[in-house]
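Engineer: Keeping their order, the protein sequence lines are chains B and Y. First residue of the first sequence: 9, per my numbering; consecutive thereafter. First residue of the second sequence: 9, per my numbering; consecutive thereafter. One structure follows; several queries about it will come next.
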Amino acid sequence: MKKFEWKSVLALALTGALALGLTACGSSDNGAAATGSNDAGSKAVYRTLDEIKESGTINIGVFSDKNPFGYVDENGEYQGYDVYYARRLGEDLGVDVNFVSTEAANRIEYLQTGKVDVILANFTVTPERAEEVDFAVPYMNVALGVVSKDDNVITTLDNWNADDSIIVISGTTAETYLIANYPDIPLQKFDSYATAKEAFENGTSVAWANDNTEVIAFALQNEGYTVGIPSLGSADTIAPAVSKGNTTLLDWINDEIASLGEENFFHADYEATLADTYGLDYEDSLVVEGGKVTAQ
Amino acid sequence: MNWEFIGKYLPMYEKAALLTVKIGVIGILFAILLGLVCAAIQYYKVPVLRWIVAVYVELSRNTPLLVQLFFIYYGFPKIGIRMSAEVCGVVGLAFLGGSYMAEAFRSGLEAVEPIQNESAISLGMNSGQVLRYVILPQAMSTSIPAFVANIIFLLKETSVFSAISLMDLMFTAKDLIGLYYKTTESLFLLVVFYLLILLPVSIVGSLVERRMRYAGFGD
Numbered sequence: 009m010k011k012f013e014w015k016s017v018l019a020l021a022l023t024g025a026l027a028l029g030l031t032a033c034g035s036s037d038n039g040a041a042a043t044g045s046n047d048a049g050s051k052a053v054y055r056t057l058d059e060i061k062e063s064g065t066i067n068i069g070v071f072s073d074k075n076p077f078g079y080v081d082e083n084g085e086y087q088g089y090d091v092y093y094a095r096r097l098g099e100d101l102g103v104d105v106n107f108v109s110t111e112a113a114n115r116i117e118y119l120q121t122g123k124v125d126v127i128l129a130n131f132t133v134t135p136e137r138a139e140e141v142d143f144a145v146p147y148m149n150v151a152l153g154v155v156s157k158d159d160n161v162i163t164t165l166d167n168w169n170a171d172d173s174i175i176v177i178s179g180t181t182a183e184t185y186l187i188a189n190y191p192d193i194p195l196q197k198f199d200s201y202a203t204a205k206e207a208f209e210n211g212t213s214v215a216w217a218n219d220n221t222e223v224i225a226f227a228l229q230n231e232g233y234t235v236g237i238p239s240l241g242s243a244d245t246i247a248p249a250v251s252k253g254n255t256t257l258l259d260w261i262n263d264e265i266a267s268l269g270e271e272n273f274f275h276a277d278y279e280a281t282l283a284d285t286y287g288l289d290y291e292d293s294l295v296v297e298g299g300k301v302t303a304q
Numbered sequence: 009m010n011w012e013f014i015g016k017y018l019p020m021y022e023k024a025a026l027l028t029v030k031i032g033v034i035g036i037l038f039a040i041l042l043g044l045v046c047a048a049i050q051y052y053k054v055p056v057l058r059w060i061v062a063v064y065v066e067l068s069r070n071t072p073l074l075v076q077l078f079f080i081y082y083g084f085p086k087i088g089i090r091m092s093a094e095v096c097g098v099v100g101l102a103f104l105g106g107s108y109m110a111e112a113f114r115s116g117l118e119a120v121e122p123i124q125n126e127s128a129i130s131l132g133m134n135s136g137q138v139l140r141y142v143i144l145p146q147a148m149s150t151s152i153p154a155f156v157a158n159i160i161f162l163l164k165e166t167s168v169f170s171a172i173s174l175m176d177l178m179f180t181a182k183d184l185i186g187l188y189y190k191t192t193e194s195l196f197l198l199v200v201f202y203l204l205i206l207l208p209v210s211i212v213g214s215l216v217e218r219r220m221r222y223a224g225f226g227d
């Protein structure tokens with residue numbers, strides 16, 4: 009009796025494991041089969057430009073908690089620099105925009121699974137990410153920055169005290185950069201901007217590393233904080249991203265950004281959404297117009 | 009499936025699994041203690057305390073662990089109570105688990121028919137002996153299935169710890185996906201590690217259940 013039941017338990021477990029294993033492997037195969045026309049067995053499940061136009065709605069992944077780039081205001085409306093551009097994109101495409109709230113670590117995933125057509129969530133262009141998704145031309149400059157409390161301003165990451173930790177958000181370039189360049193600094197990782205900010209204000213860690221735009225905004229919006237390291241790592245850009253291989257949509261966005269440059273659209277965007285936070289001093293250093301980065 | 013990636017990040021999962029098990033075990037132990045105390049208070053209908061327990065049980069069972077953790081980790085520091093994320097995890101798990109354990113034990117105690125108590129007394133046992141030899145063994149036997157289910161449930165609930173920045177299995181998987189975009193491998197390891205933790209619990213649990221099935225008649 010006992011022996012028999014042991015077996016059935018094991019059999020059940022193995023069946024379960026097998027089923028899970030099969031679905032896990034299956035998912036990548038399905039994608040490749042569905043979009044057979046792609047080269048190199050790409051596993052994208054994206055919608056082409058025509059399909060988006062036909063459906064009448066474009067799904068755009070934005071942040072919902074990253075003021076002033078992508079956030080939900082008190083009326084429940086999406087607002088911010090990324091969102092301002094997203095609305096224009098929908099308008100020029102002649103479709104409605106369906107905003108999909110995303111977290112930093114989800115952005116690639118959302119494109120790879122076709123949950124969104126475009127990511128406009130302060131997405132920094134990196135070579136590693138470019139292997140997984142296709143970036144359009146950039147619309148903003150960015151570097152990393154570190155903000156800390158006024159009474160203990162961090163100005164360097166060298167000779168770090170191993171008892172102190174730095175807050176990072178999972179899936180951001182700040183996390184990747186610190187792991188690669190300062191592997192000995194303990195990182196306190198959070199999965200959303202809202203919780204990271206809350207924890208930082210509670211004094212969980214001595215510093216918070218993120219895009220410098222974000223930490224500058226934080227220090228300006230909250231009293232008692234200073235950006236001790238305003239620029240860390242390399243100067244990067246932020247660009248829209250589409251699923252790997254979605255060339256029709258990518259080309260359209262590239263043309264769109266180029267033509268928006270003629271009307272200085274992103275300067276208008278900056279003045280509408282970012283000027284309240286940063287003032288006009290940062291306008292020329294942050295905005296990339298027409299997809300062309302000018303040497304700084 | 010990229011096996012090189014799996015080999016490289018296996019140690020990270022091992023660390024996360026240890027953390028998950030550590031917080032899970034400590035939290036569940038406290039939950040069992042809390043549950044025993046609460047069940048006893050309710051069983052013996054201790055005045056005042058039983059109302060406090062009733063409120064606690066309803067509050068704890070009808071709010072998600074995620075909400076409880078947010079309160080403990082992000083809310084408490086505002087009123088001056090500071091705890092590390094690990095302690096918050098243990099406290100949250102004990103708070104949630106305590107009520108489930110209390111209900112499991114209470115149902116076990118209440119399932120023992122009054123006639124058992126009366127018969128034991130008529131056989132000349134004192135109240136301590138009745139509890140020790142008649143009530144508790146049967147109550148335990150009845151509550152074991154719910155008890156085992158609770159342990160598995162609580163271990164699985166640790167997957168929301170990422171909200172308070174604990175690098176448990178779930179957060180490790182999410183973090184690796186965000187860092188290196190190896191979704192399939194990360195999720196595969198996640199499932200494997202959860203099974204490694206939970207399958208033994210489940211198997212041992214069902215063995216214990218079978219051996220303890222002596223309450224009531226028959227079987």
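All residues carry an ideal CB built from backbone N, CA and C; glycine is no exception. Here the structure is a predicted model, which means the values were calculated and not measured.
On a Cα-Cα basis, can you pick out the residue from B:Asp192, B:Val53, B:Val80 and B:Ala207 that is closest to Gly122 of chain B?
Structural biologist: Against the first sequence, residue 122 of chain B aligns to sequence position 114. Looking at the Cα atoms, B:Val53 is the closest of the given residues.
Engineer: Between the C-alpha atoms of Ala170 of chain B and Thr212 of chain B, what's the straight-line distance to the nearest angstrom?
Structural biologist: Your numbering for residue 170 of chain B matches position 162 in the first sequence. Your numbering for residue 212 of chain B matches position 204 in the first sequence. Cα to Cα, the separation comes out at about 15 Å.
Engineer: Ile116 of chain B touches chain Y at which residues, Cβ-Cβ below 7 Å?
Structural biologist: Taking the first residue of the first sequence as position 1, residue 116 of chain B is located at position 108. Chain Y residues near Ile116 of chain B: Tyr189.
Engineer: Between the alpha carbons of Ile123 of chain Y and Leu44 of chain Y, how many angstroms are there, rounded?
Structural biologist: Here the question's residue 123 of chain Y lines up with position 115 in the second sequence. Here the question's residue 44 of chain Y lines up with position 36 in the second sequence. About 23 Å.
Engineer: Going along the chain, which unbroken runs of the beta strand (DSSP E) with 3 or more residues stay wholly within the region 196-269 of chain B?
Structural biologist: List check, beta strand (DSSP E) in window: 215-219, 233-246 and 249-251.
Engineer: Give me the chain Y residues within the contact set of Glu183 of chain B, using Cβ-Cβ distance strictly less than 9 Å, ordered along the chain.
Structural biologist: For the purposes of this step, residue 183 of chain B is taken as residue 175 along the first sequence, with counting starting at 1. Ordered by position in chain Y, the residues that pass the 9 Å Cβ test against Glu183 of chain B are Asp183, Gly186 and Leu187.
Engineer: In chain order, which beta strand (DSSP E) runs of at least 3 residues are fully inside the region 10-73 of chain Y?
Structural biologist: Listed in chain order, there is nothing to give.
Engineer: Tell me whether the region 124-136 of chain Y and the region 65-74 of chain Y touch, counting them as touching only if at least three CB pairs, one residue from each stretch, are closer than 8 Å.
Structural biologist: Verdict: no, contact absent.
Engineer: Does the beta carbon of Ser173 of chain Y come closer than 8 Å to any beta carbon on chain B?
Structural biologist: The residue you call residue 173 of chain Y lines up with position 165 of the second sequence. Judged by the 8 Å Cβ criterion, Ser173 of chain Y is in contact with chain B.
Engineer: With C-beta atoms as the reference, is Asp58 of chain B less than 8 Å away from Thr132 of chain B?
Structural biologist: Along the first sequence, read from residue 1 onward, the residue named residue 58 of chain B stands at position 50. Along the first sequence, read from residue 1 onward, the residue named residue 132 of chain B stands at position 124. No, the pair does not count as a contact, with Cβ atoms beyond the cut-off.
Engineer: Report yes or no: do three or more beta-carbon pairs, one from the region 13-20 of chain Y and one from the region 174-190 of chain Y, lie closer than 8 Å?
Structural biologist: Contact holds: three or more Cβ-Cβ distances are below 8 Å.
Engineer: Can you tell me whether Ala217 of chain B is buried or exposed, with buried defined as 16 or more other CB within 10 angstroms of its CB?
Structural biologist: Numbered from its first residue, the first sequence carries residue 217 of chain B at position 209. That one is buried.
Engineer: Between Ala182 of chain B and Ala247 of chain B, how many whole angstroms is the CB-CB distance? I'm expecting something under 8 Å.
Structural biologist: Residue mapping note: residue 182 of chain B aligns to position 174 of the first sequence, counting from 1. Residue mapping note: residue 247 of chain B aligns to position 239 of the first sequence, counting from 1. The Cβ separation is near 18 Å, so there is no contact.
Engineer: Taking the alpha helix (DSSP H) that Gly299 of chain B falls in, what are its first and last residues?
Structural biologist: The residue given as residue 299 of chain B occupies position 291 in the first sequence. Here Gly299 of chain B belongs to no alpha helix (DSSP H), and DSSP marks it neither H nor E.
Engineer: Since Gly179 of chain B meets chain Y, which of its residues come closer than 9 Å, beta carbon to beta carbon?
Structural biologist: Reading the first sequence from its first residue, position 171 is the one you call residue 179 of chain B. Within 9 Å Cβ-Cβ: Lys182, Asp183, Ile185, Gly186 and Leu187.
Engineer: Less than 8 Å between the C-beta atoms of Ser251 of chain B and Val103 of chain B, yes or no?
Structural biologist: Your numbering for residue 251 of chain B matches position 243 in the first sequence. Your numbering for residue 103 of chain B matches position 95 in the first sequence. Contact: no.
Engineer: On the DSSP bridge list, what partners appear for Ile127 of chain B?
Structural biologist: Reading the first sequence from its first residue, position 119 is the one you call residue 127 of chain B. Its beta-bridge partners are B:Gly69 and B:Ala249.
Engineer: Taking only beta-carbon atoms, is Phe208 of chain B less than 8 Å away from chain Y?
Structural biologist: Indexing the first sequence from 1 puts residue 208 of chain B at position 200. Not an interface residue.
Engineer: Run through DSSP, which three-state label would Val145 of chain B get?
Structural biologist: Walking along the first sequence from the start, residue 145 of chain B turns up at place 137. Residue state, collapsed to three classes: coil.
Engineer: Interface residues of chain B around Ser170 of chain Y at Cβ under 9 Å?
Structural biologist: Position 162 of the second sequence, counted from the start, is the residue given in the question as residue 170 of chain Y. Neighbours of Ser170 of chain Y on chain B, chain order: Ser178, Lys197, Phe198 and Asp199.
Engineer: For Leu152 of chain B, which three-state DSSP category applies?
Structural biologist: Position 144 of the first sequence holds residue 152 of chain B. In the structure shown, Leu152 of chain B sits in a strand (DSSP, three-state: E or B).
Engineer: Taking C-beta pairs closer than 9 Å, name the residues in chain Y that Glu140 of chain B reaches, listed in chain order.
Structural biologist: Here the question's residue 140 of chain B lines up with position 132 in the first sequence. In chain order: Tyr189.
Engineer: Once you ignore the five residues that flank Ser178 of chain B on each side, which residues in its own chain have a CB closer than 6 Å to its CB?
Structural biologist: Translated into positions along the first sequence, residue 178 of chain B becomes position 170. Ala113, Lys197 and Asp199.
Engineer: Exposed or buried, Ala280 of chain B, counting other C-beta atoms within 10 Å across all chains shown (16 or more means buried)?
Structural biologist: Walking along the first sequence from the start, residue 280 of chain B turns up at place 272. Ala280 of chain B is exposed by the Cβ-count criterion.
Engineer: Just checking, does the region 95-103 of chain Y make contact with the region 139-148 of chain Y on the three C-beta pairs under 8 Å criterion?
Structural biologist: They do not touch, by the three-pair rule.
Engineer: In whole angstroms, give me the CA-to-CA distance for Leu188 of chain Y and Gln120 of chain B.
Structural biologist: Locating residue 188 of chain Y in the second sequence gives position 180, counting from the first residue. Locating residue 120 of chain B in the first sequence gives position 112, counting from the first residue. Strictly speaking, residue 188 of chain Y in this sequence is Tyr, with Leu absent from that position. In a straight line, the C-alpha of Tyr188 of chain Y is about 13 Å away from that of Gln120 of chain B.
Engineer: Quick check: the Cα distance between Val216 of chain Y and Phe155 of chain Y, rounded to an integer number of angstroms?
Structural biologist: As a working mapping, residue 216 of chain Y is identified with position 208 in the second sequence. As a working mapping, residue 155 of chain Y is identified with position 147 in the second sequence. Going from the Cα of Val216 of chain Y to the Cα of Phe155 of chain Y covers about 11 Å.
Engineer: Using the Cα positions of Pro208 of chain Y and Ile49 of chain Y, report the straight-line distance between them to the nearest angstrom.
Structural biologist: Working through the second sequence from its first residue, we reach residue 208 of chain Y at position 200. Working through the second sequence from its first residue, we reach residue 49 of chain Y at position 41. Each residue's alpha carbon lies about 33 Å from the other.
Engineer: Any beta-carbon of chain B closer than 8 Å to the one on Phe161 of chain Y?
Structural biologist: Taking the second sequence and counting its residues from 1, one reaches residue 161 of chain Y at position 153. Chain B, which has no Cβ nearer than 8 Å to the Cβ of Phe161 of chain Y, makes this no.
Engineer: Just the Cα atoms here: how many angstroms apart are Gly213 of chain Y and Pro153 of chain Y?
Structural biologist: As a first step, residue 213 of chain Y must be located in the second sequence, where it is residue number 205. As a first step, residue 153 of chain Y must be located in the second sequence, where it is residue number 145. Cα to Cα, Gly213 of chain Y sits roughly 8 Å from Pro153 of chain Y.
Engineer: Need the endpoints of the alpha helix (DSSP H) that Gly213 of chain Y sits in, please.
Structural biologist: As a first step, residue 213 of chain Y must be located in the second sequence, where it is residue number 205. Thr191 to Arg219 is the span of the alpha helix (DSSP H), which, as asked, contains Gly213 of chain Y.
Engineer: Which of the three DSSP states, helix, strand or coil, is assigned to Ala171 of chain Y?
Structural biologist: Locating residue 171 of chain Y in the second sequence gives position 163, where the first residue counts as 1. In this structure, Ala171 of chain Y counts as helix in the three-state DSSP scheme.
Engineer: Taking the alpha helix (DSSP H) that Ile129 of chain Y belongs to, which residues open and close that run?
Structural biologist: Counting from 1 along the second sequence, the entry for residue 129 of chain Y is found at position 121. Run containing Ile129 of chain Y: Pro122 to Ser130, per the alpha helix (DSSP H) assignment.
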